[in-house]
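Heads up, the thing below is written out as structure tokens.
Residue numbers (this note's numbering): 7 to 183.
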């Protein structure tokens, strides 16, 4: 599942389903009542792999967004202007548009609530660990995974970030708040 608390409240969750075709036919209508998209990814276990792959991309994009926002703002760019540029250019991604790490840019994002709520750093770290293990089991190279895992581990070790939404990496990087 993807979409978190915000997606659940809006009925906009995405489900990645790993199941036999017969089982998928039974549970898909139920899942459709809770979300906007159900994707049958293949046999049992494939939904989890899709979820881990998605969260690997999300984990990397979150770091890149936090770094890019911090970089641009330190050069004097207005946070809203920079977010608009990124959202309408090739840097477009969910962390820029929906879960921007700069407080006030997206009023509904956890950053605008002192990084409370949302998808916790520890949950992201867990999914990255699972993705790294699963990739190793299939000899799939994830060149960034160990560095990304270290960034999240370092942020978790920082008491001002530990129990916050994963977008708190912006704070951990020393971003302007």
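Note that the Cβ used here is the ideal one computed from N, Cα and C, for glycine as well. Just so it is clear, the structure is predicted and the values come from calculations on it, not from any experiment.
Residue 40: not part of any beta strand (DSSP E); DSSP gives it neither H nor E.
By the CB criterion at 8 Å, residue 65 and residue 130 fall inside the cutoff.
When rounded, the separation of the alpha-carbon atoms in residue 144 and residue 38 is 31 Å. Residue burial is scored here from C-beta neighbours: residue 108 has at least 16 other C-beta atoms within 10 angstroms and is therefore classed as buried. In the DSSP secondary-structure assignment, residue 20 is bridged to 8 and 43.
Comparing alpha-carbon positions, the option among 157, 33 and 57 lying closest to residue 128 turns out to be 157. Counting C-beta pairs with one atom in each stretch, the segment 73-81 and the segment 48-65 have fewer than three that are closer than 8 Å, which means they do not touch. Here DSSP, grouped into helix, strand and coil, assigns residue 53 to helix. Look at residue 160 here: in three-state DSSP terms it is helix. Residue environment: residue 68 is assigned as buried (16 or more neighbouring CB atoms within 10 Å of its CB, all protein chains considered). Rounded to whole angstroms, the separation of the alpha carbons of residue 50 and residue 132 is 21 Å. Three or more beta-carbon pairs separated by less than 8 Å link the segment 14-30 to the segment 41-56, which places the two stretches in contact. The secondary-structure analysis by DSSP pairs residue 126 across a beta bridge with 171.
Using a Cβ distance threshold of 8 Å, residue 134 and residue 151 count as a contacting pair. In chain order, 179 place their CB closer than 8 Å to the CB of residue 73, counting only its own chain and leaving out the 5 sequence neighbours on each side. Of all alpha-carbon atoms in 181, 182 and 121, the one lying nearest the alpha-carbon of residue 167 is that of 121. For residue 140, same chain residues with a beta-carbon under 7 Å away, outside a window of 5 residues either side, are 55 and 58 in chain order. In the DSSP annotation of this structure, residue 183 is not part of any alpha helix (DSSP H), being labelled neither H nor E.
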